[in-house]
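Shown next, in structure tokens, is the structure this report addresses.
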Amino acid sequence: MENSENQSIKVGSLEEEAKKRKERLANLKKSLENKNESKNNDDSVEKSLPKPRFKSYIPEDEGLKAELIPTPQPGDIVAEVEDQLKAGETVFTVQELDLNTLAPRKPDWDLKRDIEKRMAKLERRTQRAIAELIRDRLKGEQNIDLATAVNEGARANAQIDNDEE
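Under the UniProt record's numbering, the letters of the sequence shown match residues 1 to 165, in that order.
This is the structure we're talking about:
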């Protein structure tokens, strides 16, 4: 008994849900129809007939001749063609081409370019420091004259170069 009562309750609730769903669908359908009708009315009022454009047809009616589009006049083509021909006649000479732009660059060329100014400053500082060290050495060795000190420095550099080879 309970089983049949549960089934009848379930069936009753399913039927009620189906009726509610049908009512909602009917309401949606009516609202869509109302919207479409109002749009159609608005469209018919807003739409007017398009104006005719007469590009290749000459109308016989005087009222329509006012709508006639004038035929465009061709431009001065000769001058334009002459300008293009003159532009095409430019001669490229080999002397104008820079071989540095054609040769492939090393992968770090941009980094070297970026630090070039900083390196120039450091190079100047390095040269000043070397000159100062030489002066200090010469002051420390008052007995040795300048010419012999320069000669000894040259010999030391030559020995270093020979040792590296």
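Quick reminder that beta carbons are idealized off the backbone N, C-alpha and C, glycines included.
As the structure is a prediction and not an experimental result, all values here were calculated from the model.
Limits of the unbroken alpha helix (DSSP H) element including residue i
i, result
"Gly63", "Glu62 to Lys65"
"Lys105", "According to the sequence shown, residue 105 is Arg rather than Lys. Neither: Arg105 is in no alpha helix (DSSP H) and is coded neither H nor E."
"Glu80", "Ile77 to Gly88"
Short Cβ contact (8 Å threshold) for residue i with residue j
i, j, result
"Met59", "Leu49", "Looking at the sequence provided, one finds Pro at residue 59 rather than Met. Their beta carbons are not under 8 Å apart, which means Pro59 does not touch Leu49 by this criterion."
"Leu64", "Pro52", "yes"
"Leu138", "Ala149", "yes"
Chain-order list of residues whose beta-carbon lies under 8 Å from that of residue i (same chain, five-residue window excluded)
i, result
"Lys117", "none"
Own chain partners of residue i with C-beta closer than 7 Å, once the 5 adjacent residues on each side are dropped
i, result
"Glu106", "Correcting the residue type first, residue 106 is Lys in the shown sequence and not Glu. Excluding sequence neighbours, Lys106 sits near nothing in its chain."
Through-space distance from residue j to residue i, alpha-carbon basis
i, j, result
"Lys86", "Val78", "12 Å"
"Asp136", "Ile115", "31 Å"
"Lys112", "Gln127", "21 Å"
"Ala66", "Ala26", "53 Å"
"Ala158", "Ile130", "18 Å"
"Asp110", "Leu102", "16 Å"
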